[in-house]
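Asks: Residue numbers (the numbering used here): 2 to 113.
1) For residue 90, count neighbouring Cβ atoms within 10 angstroms of its own Cβ and tell me buried if that reaches 16, exposed if not.
2) Name the two residues that bound the continuous beta strand (DSSP E) containing residue 72.
3) Should residue 102 go down as buried or exposed, given a rule of 16 or more other Cβ atoms within 10 Å for buried?
4) Pull the bridge partners of residue 96 from the DSSP assignment, please.
5) Measuring alpha carbon to alpha carbon, tell me which of 113, 112, 94 and 83 ends up nearest residue 106.
6) Give me, in chain order, the residues of the same chain whose beta-carbon lies closer than 7 Å to that of residue 76; leave out the 5 immediate sequence neighbours on both sides.
7) What is the DSSP secondary structure of residue 56, reduced to helix, strand or coil?
8) For residue 59, which of 95, 99 and 81 has the nearest alpha-carbon?
9) Grab the span of the beta strand (DSSP E) containing residue 107 for me, first residue to last.
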């Protein structure tokens, strides 16, 4: 009986996608164009905006508008301001509580 530990596993020669075995099919696949190249959104959400932007939003005026559309599966939609300005993008992370707006709902909002 040998008392030597087993040799460490060898790293794969090619990196396969997570969860896929290193088969000829996975080796021949071209890499995803989006893998590793995800660009963050330039719009500040409640999770990513700074404390100072949150303070400005809480101290700013409350606006009224109508939900133009909202896609639950995509998590975003648009508000048409009551004052007639351009439509405003709305992300689900900026909605307070469990309320999800639907087309035609009258809403109030604050701007950062």
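For each residue, glycine too, the CB sits at the ideal point set by N, CA and C. Since this is a predicted model, take the numbers as computed values, not measurements.
Replies: In brief:
1) exposed
2) 64–72
3) buried
4) In DSSP, residue 96 forms no bridge with anything.
5) 83
6) 92 and 93
7) helix
8) 95
9) 107–110
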